[in-house]
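In mature numbering (1 follows the signal peptide of the UniProt record, and there is no 0), the protein residues as written are -21 to -1, 1 to 121.
Now the structure itself:
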């Protein structure tokens, strides 16, 4: 018996679509922040889901390592608010502020991580919670 590939694909999609439809979705903009002589900017976080979504925002110093980068904790740049819950369709501005008092005399790179916090009340036994993480480069230069 020959099974056509389109039949197999259709079956897989029918099984997967309910799972995909339940995945939360947050949108973040801009996807890169560059500040020249400034100490603050904002990032817009929007809930595209039908349910409330909690997000956590953290800032790390981004240090080049080989072909990538390494993240290290920092207190030089902060995000406010660091955690928030967004209603369906709602958006929030997260302020990114350089609180270090020293001047920016060299290029300083950071990463803002915007993480969806899993809603444990919506988790079901035998399922995997897939959450969204956005990693936004932030650059301060003189």
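Glycine included, C-beta positions come from ideal geometry on N, C-alpha and C.
In the structure shown, what three-state DSSP assignment does residue i receive?
i: residue 112; result: strand
i: residue 74; result: strand
i: residue 100; result: helix
i: residue 80; result: coil
Could you tell me which residues DSSP pairs with residue i in its beta bridges?
i: residue 40; result: 51 and 89
i: residue 95; result: 34
i: residue 13; result: 118
i: residue 8; result: 23
With 16 other CB atoms within 10 Å as the buried threshold, where does residue i fall?
i: residue 4; result: exposed
i: residue 122; result: Within the shown structure, residues of the chain are numbered from -21 to 121, placing residue 122 beyond reach of any answer.
May I ask which residues mark the beginning and end of the beta strand (DSSP E) holding residue i?
i: residue 19; result: 19 to 26
i: residue 58; result: 56 to 59
i: residue 64; result: 62 to 65
Give a yes or no on contact between the segment 82 to 89 and the segment 24 to 31, applying the rule of three or more CB pairs nearer than 8 angstroms. no
I want to know whether the segment 19 to 26 touches the segment 71 to 83 - three or more CB-CB distances under 8 angstroms. yes
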